[in-house]
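**Q** Residue numbers for the sequence shown follow our numbering, so the first one is 474 and each next one is one higher. C-beta: ideal position from N, C-alpha, C; glycine also. Treat the numbers as computed from the prediction; the structure is a model and nothing was measured. Before I ask anything, let me first share the structure, which is written out below as structure tokens.
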Amino acid sequence: MQTFDKQWNQVHGTRNWGRYPAEELVRFMARNYYNQQRNLIRVLDLGCGTGANTWFLCREGFDTVAFDGSFVATQKAVAFCSELAVPGVFLQADAGMLPFADSVFDVVADIGAISANNSRGISQILREIWRVLKPGGRVFSSVLFTTSTSGYKTGEKIDSHSYRNIESGPVAGLGTIHFFTRAEIKRVWQQAGFEQPVIDVISRTDHGGSQRVSFYTAAARKSGG
Numbered sequence: 474m475q476t477f478d479k480q481w482n483q484v485h486g487t488r489n490w491g492r493y494p495a496e497e498l499v500r501f502m503a504r505n506y507y508n509q510q511r512n513l514i515r516v517l518d519l520g521c522g523t524g525a526n527t528w529f530l531c532r533e534g535f536d537t538v539a540f541d542g543s544f545v546a547t548q549k550a551v552a553f554c555s556e557l558a559v560p561g562v563f564l565q566a567d568a569g570m571l572p573f574a575d576s577v578f579d580v581v582a583d584i585g586a587i588s589a590n591n592s593r594g595i596s597q598i599l600r601e602i603w604r605v606l607k608p609g610g611r612v613f614s615s616v617l618f619t620t621s622t623s624g625y626k627t628g629e630k631i632d633s634h635s636y637r638n639i640e641s642g643p644v645a646g647l648g649t650i651h652f653f654t655r656a657e658i659k660r661v662w663q664q665a666g667f668e669q670p671v672i673d674v675i676s677r678t679d680h681g682g683s684q685r686v687s688f689y690t691a692a693a694r695k696s697g698g
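This is the structure we're talking about:
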């Protein structure tokens, strides 16, 4: 099942963004893998965009593979990491059909990729993440927008919490976006096979308080290992 929204080719072609890693990912990796032999920790940067998190993972010594559904984003990521002289392996692929064998990654990092899907696509991607993780491996997701985020319920409704062509707020013009509840994250992640996720929420205002940005982070483990 293909899940990539082709509108992201246009987004990445017209916006120059994505040069700094997500603070939440930096914190997660430090808490869980700081003292480990990093070249033995295989990380998949799922939906890597233009490589903002990829270069951080590579620079910190993790064995990193990155992919995005957007050819434009992938090419920008390759150029960015080359500019920084950071080695990385980049692929163009669809998160709903990961081109990897079973049980090959220790970590899957998702920074805003899962949320750019409808409910059906999210479930499919999570099943694929579970498949490619080793027993005991972890998935870390961030930018799982909450229903308190500005722009929720605008645009074209796809399913109960998924909208397309959102008209206002921080995700306007970004194609399909899903807005999560805490209960939904617990349910959907566990249905995909993961242990109960650890969920936190980050909220702030933007543009002088005219917009609210609110999102969950979720860390979950594949049993075993």
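Please specify which runs of the beta strand (DSSP E), each continuous and at least 3 residues long, are wholly inside the stretch 496-557, giving them in chain order.
**A** With a minimum length of 3 residues, the continuous beta strand (DSSP E) runs that stay inside the stretch 496-557 are 515-519 and 536-541.
**Q** My output table needs one value for serine 588: the three-state DSSP class, helix, strand or coil.
**A** In this structure, serine 588 counts as coil in the three-state DSSP scheme.
**Q** Given that a residue counts as buried once 16 or more other Cβ atoms are within 10 Å of its Cβ, and exposed if not, what is tyrosine 506?
**A** The residue is buried, with at least 16 neighbouring Cβ atoms inside 10 Å.
**Q** Assign tryptophan 528 to one of two classes, buried (16 or more other C-beta atoms within 10 Å of its C-beta) or exposed (fewer than that).
**A** The residue in question, tryptophan 528, is buried, as its Cβ has 16 or more Cβ neighbours within 10 Å.
**Q** So what does DSSP say about glutamate 601, is it helix, strand or coil?
**A** Reduced to three states, the DSSP call for glutamate 601 is helix.
**Q** Let's see if you can read the secondary structure: which residues bound the alpha helix (DSSP H) around alanine 656?
**A** Unbroken alpha helix (DSSP H) run through alanine 656: 655-664.
**Q** Quick check: the Cα distance between glycine 491 and threonine 523, rounded to an integer number of angstroms?
**A** Taking the straight line joining both Cα atoms gives about 6 Å.
**Q** In the DSSP assignment, what are the bridge partners of threonine 619?
**A** According to DSSP, which records beta bridges pairwise, threonine 619 is partnered with Phe653.
**Q** With distance defined between alpha-carbon atoms, name the residue in Asp567, Val545 and Ser635 nearest to arginine 593.
**A** Ranking Asp567, Val545 and Ser635 by Cα distance to arginine 593 puts Ser635 first.
**Q** Measure how close the beta-carbons of isoleucine 595 and valine 581 come, nearest whole angstrom, since I'm counting them as under 8 Å.
**A** With 8 Å as the limit, isoleucine 595 and valine 581 do not qualify as a contact, their Cβ atoms being about 14 Å apart.
**Q** Measuring CB to CB, does tryptophan 662 end up less than 9 Å from leucine 599?
**A** In contact: tryptophan 662 and leucine 599 (Cβ atoms closer than 9 Å).
**Q** What separation, rounded to the nearest whole angstrom, lies between the Cα atoms of aspartate 567 and aspartate 541?
**A** For aspartate 567 and aspartate 541, the distance between alpha carbons rounds to 7 Å.
**Q** Just reading off the beta strand (DSSP E) that lysine 630 is part of, what are its end residues?
**A** 629-632 is the extent of the beta strand (DSSP E) around lysine 630.
**Q** Decide if leucine 519 is buried, meaning its Cβ has at least 16 other Cβ atoms within 10 Å, or exposed.
**A** Label assigned to leucine 519: buried.
**Q** Tell me whether aspartate 575 is buried or exposed, calling it buried when 16 or more other Cβ atoms sit within 10 Å of its Cβ.
**A** When all chains shown are included, aspartate 575 counts as exposed.
**Q** Count the other CB atoms, across all protein chains shown, that sit within 10 Å of the CB of serine 696; report buried if there are 16 or more and exposed otherwise.
**A** Exposed, because fewer than 16 other Cβ atoms sit within 10 Å of the Cβ of serine 696.
**Q** May I ask you to report which of helix, strand or coil DSSP gives isoleucine 639?
**A** DSSP places isoleucine 639 in coil when its eight states are reduced to three.
**Q** When every heavy atom of the ligand NAP is checked, does at least one fall within less than 8 Å of the C-beta of methionine 570?
**A** You won't find the ligand NAP in this model; it holds no ligand whatsoever.
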